[in-house]
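Numbered per the working numbering, the sequence shown spans residues 111 to 185.
To start, the structure itself, in structure tokens.
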Amino acid sequence: MRRMTMAETATLSSKFQISIPKAIRAAHAWEAGLTFAFIPKGTGVLLVPVPKKESLQGLAKGARPEDYRDRSDRT
Numbered sequence: 111m112r113r114m115t116m117a118e119t120a121t122l123s124s125k126f127q128i129s130i131p132k133a134i135r136a137a138h139a140w141e142a143g144l145t146f147a148f149i150p151k152g153t154g155v156l157l158v159p160v161p162k163k164e165s166l167q168g169l170a171k172g173a174r175p176e177d178y179r180d181r182s183d184r185t
């Protein structure tokens, strides 16, 4: 994946749409129809592609639900 620069910009249209620059789409192999999540981050927004269910299959293989940590475990 090639490194992106601040030169990769887009303008919000009057219909509140943004086109993702071709260099970014190509670098990430994003195609039409991909769903994105908008995550507020400080004064900006993080744009993250939402994975398809099929790609998550087996992600937690071998995980044991009785042996997990949460915030209350931290010291």
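Even for Gly, the Cβ is constructed at its ideal location relative to N, Cα and C.
Other residues of its chain near residue i: CB distance less than 7 Å, five sequence neighbours each side excluded
i      : result
Leu158 : What sits at residue 158 in the sequence shown is Val, not Leu. These residues qualify, in order along the chain: Phe146, Ala147, Ile149.
Residue i versus residue j: straight-line alpha-carbon distance, rounded
i      : j      : result
Ser129 : Gly152 : 22 Å
Ser165 : Phe126 : 30 Å
Asp183 : Arg174 : 17 Å
Lys171 : Ser123 : 44 Å
Leu144 : Ala133 : 16 Å
Thr121 : Ala139 : 21 Å
Where residue i sits in the DSSP three-state scheme
i      : result
Arg181 : helix
Taking only runs of the alpha helix (DSSP H) that begin and end inside the stretch 133-168, which ones reach a length of at least 4 residues, in chain order? 163-166
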